[in-house]
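The opening residue of the sequence shown carries number 402 in my numbering; numbering runs sequentially from there. Positions of the beta carbon are idealized from the N, C-alpha and C atoms, including for glycine. Comments concern the structure below.
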Amino acid sequence: MQVKVLFVCLGNICRSPTAEGVFRKLLEREELESRVHVDSAGTHAYHVGAPPDQRAREAALRRGIDLSAIRGRQAEPSDILEFDLALAMDRENYENLITIAGGHAHKVRLFMEFSDRFEENEVPDPYYGGPNGFEQVLDMIEDASEGLIRELRRLRSFE
Ligand code: 4NP
């Protein structure tokens, strides 16, 4: 059975599509892409149908990750039923997901819990900042993604 992982931020145009792209690439490297279903969504509807922010696309592309096929969508209560894990980029996203999660709150986690190298619990919102914010987002997401793969292996999700 596939493990289903949903990355969630506010707008679904910066952090969560970046996480979707980074994690997908890692799954390919580990030859696990057929074992995990990956998607991303935003807690708000501001950017439904929009491609990822150009700054996020360019920063990801510099690391060999193509986000151009992703389109923004809003997270729905049915996502919490469908997915095994809904990984929030920050506490606000986390609280919003908990509100729609009902009895499935155990599926909602902060993505940075899986990071080793970073003390921070939240991926900072890069939308109103400079280009360095997108590099920081990528560094944090790459590290948390490695940790997530290790955790899925530890939980024997792939057997
Ligand atoms: P994201 O970033 O949650 O990482 O996609 C944002 C995108 C858009 C807005 C805020 C944050 N906005 O206010 O439109």
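Any chance the segment 441 to 453 sits against the segment 462 to 476, with 3 or more Cβ pairs inside 8 Å? Taking 8 Å as the limit for Cβ pairs, the verdict is that the segment 462 to 476 does touch the segment 441 to 453.
Please tell me whether, using a cut-off of 7 Å, the distance from the CB of Asp467 to the nearest non-hydrogen atom of the ligand 4NP is below it. As a working mapping, residue 467 is identified with position 66 in the sequence shown. No, Cβ of Asp467 sits at least 7 Å from all heavy atoms of the ligand 4NP.
May I ask you to check if the CB of Tyr495 is nearer than 7 Å to at least one heavy atom of the ligand 4NP? As a working mapping, residue 495 is identified with position 94 in the sequence shown. Relative to the ligand 4NP, the beta carbon of Tyr495 is positioned no closer than 7 Å to any heavy atom.
Measure from the alpha carbon of Arg402 to the alpha carbon of each residue in Tyr529, Arg510, Glu483, then state which is nearest. The residue labelled residue 402 in the question sits at position 1 within the sequence shown. Just to set this straight, residue 402 is Met in the shown sequence, not Arg. Of the candidates Tyr529, Arg510, Glu483, the residue whose Cα lies closest to the Cα of Met402 is Glu483.
What is the DSSP secondary structure of Asp440, reduced to helix, strand or coil? The sequence position of residue 440 within the sequence shown is 39, counting from 1. The answer is strand: DSSP assigns Asp440 an E or B state.
Should Leu411 be listed as close to the ligand 4NP, given that the test is whether its C-beta is under 7 Å from any heavy atom? Numbered from its first residue, the sequence shown carries residue 411 at position 10. Shortest gap from the CB of Leu411 to any heavy atom of the ligand 4NP: under 7 Å.
Any idea what DSSP makes of Leu407, helix, strand or coil? Residue numbering aside, residue 407 sits at position 6 when the sequence shown is read from its first letter. Correct three-state label for Leu407: strand.
Mark Tyr529 as exposed unless 16 or more other C-beta atoms lie within 10 angstroms of its C-beta, in which case mark it buried. Position 128 of the sequence shown, counted from the start, is the residue given in the question as residue 529. Burial call: exposed.
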